[in-house]
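Its first residue numbered 915, the sequence shown is counted upward by one per residue in the working numbering.
Using N, Cα and C, we set each Cβ at its ideal position, and we do this for glycine too.
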Amino acid sequence: MVKCFGHKQLRCIWLIAAMLLWASSAMATVTASVDRHTIAEDETVNLTIETSGSQSGEPDTSVLEKDFELLSRNHSSSYTITNGSMHSSSNWQLVLRPRTSGTLVIPPIAVGHEKTAAVTIEVTKAEVRQGAGGQPDGDVWVEMSLKPDHALVQQQVIVTIRVYQGVALAQAQLTEPEVKDAVIERLGEDRQYQQNRNGRSWEVTERKYALFPQQSGKIEIAPVELDAVTMAGAGGGGFSPFFQSTRPLQAHSNHLVVQVDPVPASWHGKEWLPATHVTLTEDWPEGKVFKTGEPITRTLTVKAEGLASSQLPALPSLLPDHLKAYPDQPALSDDKGEDGIVGMRREKVAMMPTQPGTYMLPEIELDWWNVATGKVEHATLPPRTFRVEGAVAAAPAMTPQLPGSSQPAETATAAPVQRVVSDAGWWRPVAIISTIGWLLTLLWMVFRRRRPHLGQTMVKQQSPDVRAARRAVIDACRNNDARGSEQALLQFAAASWPDEAGAAMAALMKRCDEPLSGQIGQLQQHLYGRDQGHWQGHELLHAFEQHDFARVTAAPEKELLPGLYPR
915 MVKCFGHKQL
925 RCIWLIAAML
935 LWASSAMATV
945 TASVDRHTIA
955 EDETVNLTIE
965 TSGSQSGEPD
975 TSVLEKDFEL
985 LSRNHSSSYT
995 ITNGSMHSSS
1005 NWQLVLRPRT
1015 SGTLVIPPIA
1025 VGHEKTAAVT
1035 IEVTKAEVRQ
1045 GAGGQPDGDV
1055 WVEMSLKPDH
1065 ALVQQQVIVT
1075 IRVYQGVALA
1085 QAQLTEPEVK
1095 DAVIERLGED
1105 RQYQQNRNGR
1115 SWEVTERKYA
1125 LFPQQSGKIE
1135 IAPVELDAVT
1145 MAGAGGGGFS
1155 PFFQSTRPLQ
1165 AHSNHLVVQV
1175 DPVPASWHGK
1185 EWLPATHVTL
1195 TEDWPEGKVF
1205 KTGEPITRTL
1215 TVKAEGLASS
1225 QLPALPSLLP
1235 DHLKAYPDQP
1245 ALSDDKGEDG
1255 IVGMRREKVA
1265 MMPTQPGTYM
1275 LPEIELDWWN
1285 VATGKVEHAT
1295 LPPRTFRVEG
1305 AVAAAPAMTP
1315 QLPGSSQPAE
1325 TATAAPVQRV
1335 VSDAGWWRPV
1345 AIISTIGWLL
1355 TLLWMVFRRR
1365 RPHLGQTMVK
1375 QQSPDVRAAR
1385 RAVIDACRNN
1395 DARGSEQALL
1405 QFAAASWPDE
1415 AGAAMAALMK
1425 RCDEPLSGQI
1435 GQLQQHLYGR
1445 DQGHWQGHEL
1455 LHAFEQHDFA
1465 RVTAAPEKEL
1475 LPGLYPR
């Protein structure tokens, strides 16, 4: 029996097929990237095209013929199986040589039904270079250059080393550049490409460094040396150690001098920051209304192109009254790319408002020197205003209302004590109560003497990380090391409450009361206030050892218990 599909069924089938085709195309991705975004006219650039998913087909490279010459093309594929599903990917490596200089665009390249995004590169005029002296032969030589060759003290200078080889090499080793009165950092991995010079094609290995001169005057960079092995009588063929004898090969680069100028007289900033670009950003929690006693986490980030993170200064921490600050250790990181170092400093601080009202955090301004324009510039954060609601402090403790009493509870100082005359039997209950109180006091003293010290009990129950951090706090306080005590407290808080490690000081302060909270506040005032005297750690040590963190942490859970007296 043949059953025909109606119009509705056919429309559903077409819809499902279209959705499947859309899903398969959505899973396929095609990307294009280059190994360098700035090259010379006589150099090559490596273009990588990658596909993943169910994409099929070959890249259509005909769109490259206008501005580039395709020198070589390699293809590889891979397949992986994850949780029973197979994933495929393909990779094409294209070596391109530009036909002209200027800003060139690698247009979108079609692979099957998808296209890559356009990629822009800068092509400079071919430089007239001179080979390094002392070459053993013309098949391998080393060249070293720098940019700029005239810089300011602590300004980034890019040192580029290129090894040109016309023969295959093995066991190649290149020494590091040696320079005095400067800090030097390697930038990323080596890059390899081809270059035409004097009518000959060379394989080039390029290595870059960032150099930061630390004093003015002439800074000399000694030549680097290359040690390698090549085939005796080798030409441009491959390296095959079988049936051929080898010979050692040595080459060295040229010698360089950097002229370093001192800090300009027009600079009047606090910290000398020569860079190409500096930004100052802020991460702030959502909302403008907060509650008294709850921490507010603020994160400030300084990002500088052409400076290492170690050169970036601490940001000013001027705060209004009734706003306590508990800063975490700053996070430093460096992004090392082909154009140099981008340093980043991130400061996170937990601010605790102690009174309601409107607060304003002042503007933050960071002066820096633009090495491109030779002028002072400023990175700024505008003032921030927010409101805090809630009581100044907890209400005074009230005397609990006795069961059956219709009068409201009174405080202990609500009215003067009045002398009341009663019958002669008043002394009996007083004597009984006094005797019971004396016995309870005696039992409490005996129990306190026999039980282990609170700090010792806590240490026995703590993990090794917490015990080590606790030991660090004790040692730093005994050595009167204010900065070390702060760092040890942060480590103790992060180890004790790992879920709140991102705001360790705030986590610690939430579990503190007097006298420990006051001692930590005095430590913060010494470190970040105007007090430059000698700090003594014995009072903080005593408060830390006596504090019962378990009791304070468990305090909020008591609210889950029913009240002792009906309301």
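Which first and last residues belong to the alpha helix (DSSP H) in which PRO1162 is found?
Careful: PRO1162 lies outside any alpha helix (DSSP H), inside the beta strand (DSSP E) at 1160-1166.
Report yes if the CB atom of VAL1033 is closer than 7 Å to the CB atom of VAL948, and no otherwise.
A contact, by the Cβ cut-off of 7 Å.
Check for me: the beta strand (DSSP E) holding HIS1292 runs from which residue to which?
It spans 1289-1295 - the beta strand (DSSP E) in which HIS1292 sits, taken as one unbroken run.
My parser needs the alpha helix (DSSP H) runs of 4 or more residues fully inside the segment 1182-1221; what are they?
Listed in chain order, there is nothing to give.
How would you label LYS980, buried or exposed, when you count the other beta carbons within 10 angstroms and need 16 or more for buried?
Result: exposed.
Excluding sequence positions up to five away, which residues of its chain have a Cβ less than 8 Å from the Cβ of GLU955?
Contacts found: PRO1012, THR1014, SER1015, VAL1037, THR1038, LYS1039 and ALA1040.
How do the segment 1381-1390 and the segment 1398-1412 stand: do at least 3 beta-carbon pairs fall below 8 Å, yes or no?
As far as the Cβ criterion goes, the segment 1381-1390 touches the segment 1398-1412, which means the pair count is three or higher.
What residue range does the beta strand (DSSP E) around ARG1259 cover?
Unbroken beta strand (DSSP E) run through ARG1259: 1254-1267.
Hey, could you find the ends of the alpha helix (DSSP H) PRO1378 is sitting in?
PRO1378 -> alpha helix (DSSP H) spans 1378-1392.
What does a CB cutoff of less than 8 Å around PRO1176 pick up in its chain, not counting 5 residues either side in sequence?
Same-chain partners within the cutoff: LEU1066, VAL1067 and SER1130.
Looking at C-beta atoms only, is the number of pairs between the segment 1262-1278 and the segment 1220-1227 that lie closer than 8 Å three or more?
At 8 Å Cβ cutoff, the stretches do not touch.
Just curious, the beta strand (DSSP E) that GLU1139 is in, first and last residue?
Here the beta strand (DSSP E) through GLU1139 covers 1139-1145.
Going along the chain, which residues of its own chain have a beta-carbon closer than 8 Å to the beta-carbon of LYS1094, five neighbours each way excluded?
The residues are ILE1133 and GLU1134.
Please name the residue, chosen from LEU1246, LEU1275 and LEU1140, that lies closest to PRO1230 on a Cα-to-Cα basis.
Out of LEU1246, LEU1275 and LEU1140, LEU1275 has the C-alpha closest to the C-alpha of PRO1230.
DSSP on ALA1101, reduced to helix/strand/coil?
For clarity, residue 1101 is Leu in the given sequence; the question names Ala instead. LEU1101: strand per DSSP, three-state reduction.
For ARG1397, report the span of its alpha helix (DSSP H) as first-last.
Residues 1396-1410.
When DSSP labels each residue in this structure, what does GLN1106 get in the three-state scheme?
If DSSP states are grouped into helix, strand and coil, GLN1106 belongs with the strands.
Of the residues ILE963, GLU1208, ASP1413 and VAL1290, which one's Cα is nearest the Cα of ALA1305?
Nearest option by C-alpha distance: GLU1208.
Assign TYR1123 to buried or exposed, taking buried as 16 or more other Cβ atoms, counted over all protein chains shown, within 10 Å of its Cβ.
It is buried - the Cβ of TYR1123 has at least 16 other Cβ atoms within 10 Å.
On a CA-only basis, which of LEU1237, THR1119 and LEU1226 is nearest SER1247? Give me that one, please.
Residue LEU1226 is the option with its Cα nearest to SER1247.
Determine whether the beta carbon atoms of PRO1241 and ARG1259 lie at a separation below 7 Å.
Not a contact, by the Cβ cut-off of 7 Å.
Our contact map puts GLU1185 next to LEU1214 with C-beta atoms below 8 Å; I'd like the distance itself, whole angstroms only.
The pair is not a contact, with the Cβ atoms about 15 Å apart (cut-off 8 Å).
Could you pull the start and end residues of the alpha helix (DSSP H) that HIS1456 belongs to?
Run containing HIS1456: 1452-1460, per the alpha helix (DSSP H) assignment.
How many Å lie between TRP1116 and LEU1010 at the Cα?
Cα-Cα distance, rounded: 14 Å.
Give a yes or no on whether the minimum CB-CB distance between ALA1286 and chain B is below 7 Å.
In the displayed structure, chain B is absent; only one protein chain is listed.
Buried or exposed: PRO1062, going by 16 or more other Cβ atoms within 10 Å of its Cβ?
Answer is exposed; the Cβ neighbour count stays below 16.
May I have the straight-line CA-CA distance separating THR1030 from PRO1022, to the nearest angstrom?
If you take the alpha carbons of THR1030 and PRO1022, they lie about 5 Å apart.
Just to confirm my understanding: we take THR1144, look at its own chain, exclude 5 residues before and 5 after, and list those with CB closer than 6 Å. What are they?
Closer than 6 Å at Cβ, skipping near neighbours: VAL1081, LEU1083 and LEU1163.
Around the C-beta of LEU1008, are 16 or more other C-beta atoms found within 10 angstroms, so that it is buried, or is it exposed?
Buried: at least 16 other Cβ atoms inside 10 Å.
Hey, TRP1282 and VAL1203: beta-carbon distance below 7 Å or not?
Not a contact, by the Cβ cut-off of 7 Å.
One question on the structure: do LEU1430 and HIS1461 come within less than 7 Å of each other, judged by their Cβ atoms?
For LEU1430 and HIS1461, yes; Cβs fall inside 7 Å.
What distance in whole Å lies between the Cβ atoms of THR945 and GLU972, which are believed to be in contact at a cut-off of 8 Å?
Actually they are not in contact, since the Cβ atoms of GLU972 and THR945 sit about 16 Å apart, beyond 8 Å.
What is the DSSP secondary structure of GLN1069, counted as helix, strand or coil?
Of the three classes helix, strand and coil, the one that applies to GLN1069 here is coil, per DSSP.
Could you check what DSSP says for THR975 in three-state terms: helix, strand or coil?
Helix, per DSSP.
Quick check on the DSSP output: the beta strand (DSSP E) that includes GLN1129 runs from which residue to which?
No beta strand (DSSP E) holds GLN1129; DSSP gives it neither H nor E.
Look at ILE1072 and MET1058 and say whether their C-beta atoms are less than 7 Å apart.
It is not a contact, given that the beta carbons lie outside the stated cut-off.
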